[in-house]
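Notes follow once the structure below has been shown.
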Amino acid sequence: MKQVLWMMLVCMPMGGAAWASEIVPLSEAVKSGVKVEFRSTGQTPTNISSYYGTCMQVRVHNASDSTLRLQLEPGLYLMPDEDPLQRMIILEDQIIVVAPRDKQMYNLAVMCTEKYDSAPGRYSGYSVGDFAPTKVVEMAEVINDENWYDFTGQSAMWAMHHPDVPLDYIHSEDQAKQAKLRFMVKRLREANGLPPIQDRVERAQSRLGQVRVGEVPDREDQEYVISKWKISIQGEFRYTLAESIMGTMQIFDETGEVVFTYFENQEIPAGERTFRFQFSTWTYDEADQFYLRLKDQTGTVVKERRISTDSE
51 MKQVLWMMLV
61 CMPMGGAAWA
71 SEIVPLSEAV
81 KSGVKVEFRS
91 TGQTPTNISS
101 YYGTCMQVRV
111 HNASDSTLRL
121 QLEPGLYLMP
131 DEDPLQRMII
141 LEDQIIVVAP
151 RDKQMYNLAV
161 MCTEKYDSAP
171 GRYSGYSVGD
181 FAPTKVVEMA
191 EVINDENWYD
201 FTGQSAMWAM
211 HHPDVPLDYI
221 HSEDQAKQAK
231 LRFMVKRLRE
241 ANGLPPIQDR
251 VERAQSRLGQ
261 VRVGEVPDRE
271 DQEYVISKWK
281 ISIQGEFRYT
291 LAESIMGTMQ
301 IFDETGEVVF
311 TYFENQEIPA
321 GERTFRFQFS
331 TWTYDEADQF
341 YLRLKDQTGT
351 VVKERRISTD
361 SE
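Just so we're aligned, residue 51 is where the sequence shown starts under our numbering, counting upward by one.
If you want it as structure tokens, here you go:
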């Protein structure tokens, strides 16, 4: 499901004159008494995902008699009214100019910062929160400067907030991009005195303790077990295309490996579409995530849905 966040800004009459000729950061505007309202409002034809990229739309209402120049700030959190929903982070540093007694709308790029929470539903409420830690703000600025509004950027943002996300989860065919984002995450962890992030192989080996393959434990009654079970997931993927494409629909795991291919280079007409999916796989972790992605003929992801192992 794709959703849009509406942001209603109502400038207080007393503050309007003071702001007539200056740029006002969003965080300062809120502290100065500006009323701000965020609402998720549904799907748009251009959204790749509902939790990262240009999946928000800002609606600014200037109720004052002076021109409003509002500065969006990378690294500013958007807090959900409902606790199960994901906290979002602003990526862009654009300036929105609104004439007196006028309204403006702007498509805004954001990302999720809470990997294991739910994506906002239609009309979910949000409000402006605090700034993220300095190095997270730096990450938001780099993603914005490089225009990395894709899953690679999102995976790096998750890794900045979740110590359990391995470095190899941040993957891209662009090796320079992948290396830069992994370095930033690693630097953050080192600055906070945290141990290096393990990759998937290292995590699997750590679950075996210190026992090597073919080696008998010192204590015969000590067992080392890695649990693995088969899961089956099904559901619906609803999306909208602005124009027809030759598309490929596939399931990916968290490391970017293809789990299942439904079809390749198939013509998909423009408009609202519904794709019913089902797949089975093995998992070691109940928190594993999978991704249903629709790619065009160039290999670009045009639509995506994140799938949890507890999906129905």
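Idealized CB from N, CA, C, for every residue including glycine. Keep in mind the model is a prediction, meaning the values are calculated, not measured.
Lys353: buried (16+ other C-beta within 10 angstroms of its C-beta) or exposed? buried
Whole-angstrom distance between Ile73 and Ala182, CA atom to CA atom: 22 angstroms
Would you kindly work out how many angstroms separate the C-alpha atoms of Ala241 and Val192, rounded to a whole number? 18 angstroms
Pairwise C-alpha distance: Glu164 and Glu87: 21 angstroms
Supposed close pair Phe146, Val110 - CB separation, criterion 8 angstroms: Reading off the sequence shown, one finds Ile at residue 146, where the question assumed Phe. Confirmed, Cβ separation roughly 5 angstroms.
Of the residues Ala229, Tyr289, Tyr166, Ala209, the one placed nearest Cys105, counting alpha carbons only: Tyr289
Looking only at DSSP bridge pairs, what is Pro130 linked to? Tyr176
Do Tyr166 and Arg89 have their C-beta atoms closer together than 8 angstroms? no
Quick check on this structure: which residue in Met161, Asp115, Met299, Lys280 has the alpha carbon closest to the alpha carbon of Ala149? Asp115
So is Lys280 buried or exposed if we call it buried at 16+ other beta carbons inside 10 Å? exposed
I need the boundaries of the alpha helix (DSSP H) containing Glu196, first residue and last residue. 184-196
Sequence-distant residues of its chain with Cβ nearer than 7 angstroms to Pro124 (five each side left out): Ile140, Leu141, Glu142, Asp143, Val187, Ala190, Glu191, Asn194
Is Ser358 helix, strand or coil when you go by DSSP? strand
With respect to the beta strand (DSSP E) encompassing Glu317, which residues constitute its N-terminal and C-terminal limits? 308-318
Across the stretch 315-325 and the stretch 282-298, are there enough close Cβ pairs to call them in contact, namely three or more that are closer than 8 angstroms? yes
So Gly203 is in the alpha helix (DSSP H); what residue range does that whole segment cover? 201-211
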